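So the protein sequences, as listed, match chains A and B.
Just remember that my numbering sits 29 ahead of the position in the first sequence, which is counted from 1.
Just remember that my numbering sits 29 ahead of the position in the second sequence, which is counted from 1.
Here a beta-carbon is modelled for each residue, glycine too, at the ideal position from N, C-alpha and C.
Being a predicted model, the structure only gives us computed values, none of them experimental.
There are 2 protein chains.
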Amino acid sequence: MSKRKDIHNSDIPVVCRACEARHRGVCGALTPEQLLKLSQHTKLSSVKPDTTLLEAETPIDAYSNVVRGVVKLSKLMPDGRQQIVGLQFAPDFLGRPFQRDSGVSAEAADQVALCSFPRRILEQLTEESPELEHKLHEQALRELDEARDLMLMLGRKTAGEKVASFLLLLIDHMDPEGNDDTDTVSFELPLKRADIADFLGLTIETISRQLTKLRKAKLVEIENNRTITVPSIERLRNVSGDF
Amino acid sequence: MSKRKDIHNSDIPVVCRACEARHRGVCGALTPEQLLKLSQHTKLSSVKPDTTLLEAETPIDAYSNVVRGVVKLSKLMPDGRQQIVGLQFAPDFLGRPFQRDSGVSAEAADQVALCSFPRRILEQLTEESPELEHKLHEQALRELDEARDLMLMLGRKTAGEKVASFLLLLIDHMDPEGNDDTDTVSFELPLKRADIADFLGLTIETISRQLTKLRKAKLVEIENNRTITVPSIERLRNVSGDF
DNA sequence: GCTCGCTCTTGATCTGAGTCAAGCGAGACC
DNA sequence: GGTCTCGCTTGACTCAGATCAAGAGCGAGC
């Protein structure tokens, strides 16, 4: 990031100037010229909750950066059982490089903003800049780490620990700006109960009961079903099983 | 693979000639010269079941290819609960590129043979050959896909479906040579019951009961607790939940 | 040969989360 | 205002898999 400080801001395409993807996301690997080229083909869009963004089994012809909101990656069993296998937050990259169908589908969890570009462009840029492939590789490794954390959670944690872990995961990923190092946070749940259940391998009813339990134990406060306040992250972590 | 047919075999280092990693693994990205350079620093080793290969939280200074056997990647909770988050079969690459600690530890599940080399060498080769990074990227994406399949399994499948899926996973990964397109296979279980339990998020007793159930349903035959025969892969798939 | 330790199986019982069912509150639409 | 739908909660009951307990099989070491 500091490496780019010397570049005058006017070299940066207007649409990219305020975008997180340029700092923490894959676009950070691009030169101003490449960024310009890319930005000429990008399309910003905003979609409603539960809009399907990628279908499993369907090869994709566009990639996106998540600019705002939360995207659910999910897998479906033939009989309808569903598991959310990952959540993507801004500025994550969305879409499987190298064409292989990844077998997951992607849906907006809440109001989501995307910055999309055709597959062809990304492929060109990858070829001329190994640093871009490196960024994508790093994102893949990061997602792999998260997937494995989730496996531990799904396989070995109790319902209560799962819900606590989920809240902590949200706190970790959302607005890293508002990180004032305090032990207390407040935020909007981007997922509805049904999504949380599909993420944690539980049922809606169990999510509801566990949240009530956390509320009665004064570990969280809940307003309007969606606004969560965690008075002490520390205390919440104590019931997450993570130490 | 066909691209290398024209290279005379004598260009290939002796230790690499019969190695799967040269074909399906990461070494396939290297030129004969690079392979030679690498092979001068590699060390072949063979380790007993349950030997620790990588410790979580400990940065690694060597990478390996799995040449024979099965390696368990696992995560541990502070109170001792354990989850196996991945299994690596020959010729998988073992070790996290770019130094970051991945938080998993690796143990031999059965008798394992490794081909190891110092981190420095891999880093040098990655710098001079983007194709190598590409191979590593592809392996990361493959592992990510597998991790997500496992998440669906851990979160949504019944004990019976989990055990059936596990056997199918083994059939998929083991000796792709012996794949004579028949519907019946026979193989040795590389994991003991306790490992299977940690992999599937169940207990030893449940594994045992589910195997007995499969045996009584004539879906598998079991000899000496370790030798499995599946008379019809098709029928086993029918109880795996995968369609 | 005998014992020890390890892996695995089987049975009896318990329990955490699922299932089924009812009801509430809030926004959307008529 | 009334009714529908959707998201959520709560209670009663059920059940799949965990837990607890006993014992069998088998190879290693003495």
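Checklist line | Near-chain A residues of the stretch 173 to 191 of chain B (beta-carbon distance less than 7 Å), N- to C-terminal order | finding: Leu173, Asp174, Ala176, Arg177, Leu179, Met180, Leu181, Leu183, Gly184, Arg185
Margin query: Looking only at its chain, what residues have a beta carbon closer than 6 Å to the beta carbon of alanine 193 of chain A, apart from the 5 residues adjacent to it on each side?
Written below: Leu265, Val268, Ser269
Next item on the list: With 8 Å as the limit, tell me which residues of the stretch 121 to 143 of chain A have their beta carbon closer than that to any beta carbon of chain B; keep them in chain order.
Entry: Arg125, Pro126, Phe127, Arg129, Ser131, Gly132, Val133
Check: Residues of chain A with a CB under 8 Å from the CB of leucine 165 of chain B: which are they?
Finding: His166
Notebook entry, point to check: phenylalanine 272 of chain B CB to nearest chain A CB: under 8 Å?
Noted result: yes
Next item on the list: Report back the beta-carbon spacing between leucine 83 of chain B and alanine 135 of chain B to the nearest angstrom; my notes put them in contact at under 8 Å.
Entry: 4 Å
Notebook entry, point to check: Helix or strand or just coil, what does DSSP make of glycine 115 of chain A?
Noted result: strand
Check: What residues in its chain sit with their C-beta under 8 Å from that of histidine 70 of chain B, if we drop five residues either side in the sequence?
Finding: Phe146, Pro147, Ile150
Item checked: Proximal residues to arginine 222 of chain A (C-beta, below 7 Å), its chain only, five neighbours per side dropped -> Ile233, Ile236, Ser237
Check: Comparing alpha-carbon positions, which option in A/Ala85, A/Gln239, A/Phe228, A/Asn253 lies nearest arginine 217 of chain A?
Finding: With the sequence shown as reference, residue 217 of chain A is identified as glutamate, and arginine is not the correct amino acid for it. Glutamate 217 of chain A has its Cα closest to that of A/Asn253, out of A/Ala85, A/Gln239, A/Phe228, A/Asn253.
Checklist line | Under 7 Å (Cβ pairs) to chain B, residues found in the stretch 70 to 93 of chain A | finding: none
Checklist line | 7 Å Cβ cut-off: residues of chain B touching lysine 104 of chain A | finding: Arg177, Leu181
Margin query: On the CB-based measure, 16 or more other CB atoms within 10 Å of its CB, does valine 43 of chain A come out buried or exposed?
Written below: exposed
Next item on the list: Measuring alpha carbon to alpha carbon, tell me which of B/Leu196, B/Pro219, B/Val114, B/Gln239 ends up nearest leucine 262 of chain B.
Entry: According to the sequence as given, residue 262 of chain B is isoleucine; it is not leucine. Measuring from the Cα of isoleucine 262 of chain B, the nearest candidate turns out to be B/Leu196.
Checklist line | First and last residue of the uninterrupted alpha helix (DSSP H) at arginine 264 of chain B | finding: 262 to 267
Check: Taking DSSP as the reference, what is the three-state secondary structure of proline 78 of chain A?
Finding: coil
Checklist line | Within the stretch 80 to 153 of chain B, ranges of the beta strand (DSSP E) (whole runs, at least 3 residues) | finding: 81 to 83, 91 to 97, 99 to 105, 111 to 118, 134 to 137, 141 to 147
Margin query: I need the boundaries of the beta strand (DSSP E) containing serine 68 of chain B, first residue and last residue.
Written below: It is not in any beta strand (DSSP E) - serine 68 of chain B instead sits in the alpha helix (DSSP H) that spans 61 to 68.
Next item on the list: Excluding the 5 residues preceding and the 5 following isoleucine 200 of chain B in the sequence, name in chain order all residues of the same chain whose CB lies nearer than 8 Å to its CB.
Entry: Val214, Phe216, Val259, Ile262
Note to self: Assess contact between the stretch 50 to 62 of chain A and the stretch 161 to 170 of chain A, defined as three or more Cβ pairs (one per stretch) separated by less than 8 Å. Is contact present?
What the structure shows: yes
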